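A short worksheet on the structure shown next.
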């Protein structure tokens, strides 16, 4: 079974439980690109995202793939 959540959804206990109850084997934990830049993302930075992904793997007893959106040069300049 494969499941997926995006960004802040990883911090919602009932959303996570709904997927745990479906016995996920692989979880895709997608994160927005701005979250990897220090000073831009305050609530969901790289450390928080990594921690949330690790907690999800431990709680859900599944493998977690945590991709991040691609950042174009234009997006980088805007940040």
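Numbering (our numbering), first residue to last: 9 to 87.
Every residue, glycine too, gets a C-beta built ideally from N, C-alpha and C.
Just so we're clear, the structure is a prediction, and the values are computed from it rather than from any experiment.
Closest residue to residue i among the options (Cα-Cα distance)
| i | options | result |
| --- | --- | --- |
| residue 36 | 23, 67, 11 | 11 |
| residue 56 | 69, 23, 18 | 18 |
| residue 16 | 59, 9, 30 | 59 |
| residue 34 | 63, 82, 70 | 70 |
| residue 38 | 52, 28, 30 | 52 |
Bridge partners - residue i, DSSP secondary structure assignment
| i | result |
| --- | --- |
| residue 52 | Answer is none; residue 52 lacks a bridge partner. |
Simplified DSSP state of residue i, which is helix, strand or coil
| i | result |
| --- | --- |
| residue 14 | strand |
| residue 35 | strand |
| residue 72 | strand |
| residue 77 | coil |
| residue 57 | helix |
| residue 85 | helix |
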